[in-house]
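One structure is given below, encoded as structure tokens.
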Amino acid sequence: MSEILVLVEHAEGEVKKVTLELLTLARTLGTPAAVWAGPGITPEAKARLAEYGAEKIYVAGADDIVDHVVAPKAELLAQLVAGKAPAAVLVAATAEGKEVAGRLAIKTDSGVITDAVGLSDGFVADQSIFGGGINVHSRVRKGTPIVAVRPNSTAPVAAAGAGTEEEVSVTLSEAAKAARVVERVKQEKGARPELTEAAIVVSGGRGVGSAENFTVIEGLADALGAAVGASRAATDAGWYPHQFQVGQTGKTVSPQLYIAAGISGAIQHRAGMQTAKTIVAINKDPEAPIFELADYGVVGDLHQVVPQLTEEVTKRK
234 MSEILVLVEH AEGEVKKVTL ELLTLARTLG TPAAVWAGPG ITPEAKARLA EYGAEKIYVA
294 GADDIVDHVV APKAELLAQL VAGKAPAAVL VAATAEGKEV AGRLAIKTDS GVITDAVGLS
354 DGFVADQSIF GGGINVHSRV RKGTPIVAVR PNSTAPVAAA GAGTEEEVSV TLSEAAKAAR
414 VVERVKQEKG ARPELTEAAI VVSGGRGVGS AENFTVIEGL ADALGAAVGA SRAATDAGWY
474 PHQFQVGQTG KTVSPQLYIA AGISGAIQHR AGMQTAKTIV AINKDPEAPI FELADYGVVG
534 DLHQVVPQLT EEVTKRK
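Numbering (my numbering), first residue to last: 234 to 550.
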């Protein structure tokens with residue numbers, strides 16, 4: 234089968250979960266080939282990629298690739314597309330991944346699809362567009378299909394690949410080196426999973442009432458091993474940091490379980506979470522739009538419902 238390039242998302246030598254999802258998806262359509270951009274690949278990382286089906290691992294370990302912003306990764310992929318003629322290129326639909334996809338599409342004169350939540354034969358992508366109002370099927374008609382896939386859209390399934398390593402080099406253009414990274418500040422990682430990669434997300438909205446009351450949301454999240462999210466109303470009010478905002482102007486999540494507590498369900502918020510596999514809504518307003526989207530709904534005061542739910546979850550551990 235034809236090779237499918239998968240751009241590896243990694244941090245400090247560790248392969249991120251979304252890459253395992255992309256490799257799993259690539260296996261259904263062709264032969265997965267992982268692309269590691271930058272230094273720091275470890276034997277453990279190689280083994281992890283092979284475990285999830287990477288037949289080849291292209292390693293471009295030059296410091297230059299990560300010393301500059303985004304563009305070097307696009308040039309690396311463009312070189313591989315020209316030399317290897319893959320059937321498609323898959324990247325994670327993160328802010329950086331989507332920028333890489335756009336730049337790569339221009340360099341290779343190809344079509345690009347972003348925010349795909351599924352991919353089937355012929356590289357037909359499922360997408361949720363116009364703020365989540367419409368679901369469509371899309372396909373690239375020109376060049377090499379470049380598809381940015383939302384995290385948590387595919388469950389990662391291990392299936393051993395050869396994991397044959399091949400070193401590649403890339404000569405960066407002056408344009409790619411125009412912006413340089415001058416400093417990196419490491420953000421302390423908490424015990425909770427990363428919001429965009431979490432299998433379970435518990436989000437609070439205007440109904441939470443205050444910053445102090447978000448401890449109720451955090452309590453349930455910790456009991457479930459979940460990430461914490463917030464609606465735009467909650468972050469704009471200063472009740473929770475903006476980096477945890479879920480929605481059209483925040484982060485897009487596609488967890489297995491999404492619990493929306495005290496969130497009305499405005500289209501702005503729905504655009505960021507409606508591809509979740511199971512949605513549970515807790516709201517005291519029975520007419521709240523979130524119930525139209527929810528698989529399960531609880532009409533009640535979240536300050537009574539959520540603590541009871543947390544207690545029940547804790548009992549069953």
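Heads up, the beta-carbon is just placed ideally off N, CA and C, and yes, glycines get one too.
- In the structure shown, GLN478 falls within a strand segment according to DSSP collapsed to helix, strand and coil.
- Inter-residue distance for LEU323 and LEU526 is about 29 Å (C-alpha atoms, whole angstroms).
- Partner residues in the beta bridge of TYR529, as assigned by DSSP, are VAL513.
- Counted as a single uninterrupted DSSP element, the stretch harbouring LEU405 is not any alpha helix (DSSP H), since DSSP gives it neither H nor E.
- Shown here, PRO426 sits in coil according to DSSP, grouped into three states, outside any helix or strand.
- Between the alpha carbons of ARG439 and SER402 lies a gap of roughly 51 Å.
- Nearest C-alpha to LYS484 among GLU329, GLY273, VAL248 and LYS250: GLU329.
- For GLN541, the enclosing alpha helix (DSSP H) starts and ends at 535 to 548.
- The three-state reading of DSSP puts PRO384 in coil, since its state is none of H, G, I, E or B.
- A straight-line Cα-Cα distance of about 10 Å links GLY396 and TYR291.
- Shown here for ALA393: same chain residues with a beta carbon closer than 8 Å to its own, the five before and five after excluded, namely ALA283, GLU284 and GLY286 in chain order.
- LEU453 carries a helical assignment under DSSP once its states are collapsed to helix, strand and coil.
- In chain order, ALA321 and PHE356 place their CB closer than 6 Å to the CB of PRO378, counting only its own chain and leaving out the 5 sequence neighbours on each side.
- In this structure, the straight-line span from the alpha carbon of GLU308 to that of SER386 is close to 27 Å.
- About 11 Å separates the Cβ atoms of LEU490 and ALA460, ruling out a contact at the 8 Å cut-off.
- Burial is judged here by how many other beta carbons sit within 10 angstroms of a residue's own beta carbon; GLN507 has at least 16 and is buried.
- The beta carbon of SER235 lies closer than 6 Å to those of GLY263 and ALA320 in the same chain, with the five residues before and after it left out.
- The secondary-structure analysis by DSSP pairs GLU245 with nothing; it has no beta-bridge partner.
- With fewer than 16 neighbouring CB atoms inside 10 Å of its own CB, SER443 falls in the exposed class.
- Sixteen is the threshold: since fewer than 16 other Cβ atoms of the shown chains lie within 10 Å of the Cβ of ARG413, the residue is exposed.
- Excluding five sequence positions before and after VAL302, the CB atoms of its chain that fall closer than 7 Å to its own CB belong to ALA412 and VAL414, given in chain order.
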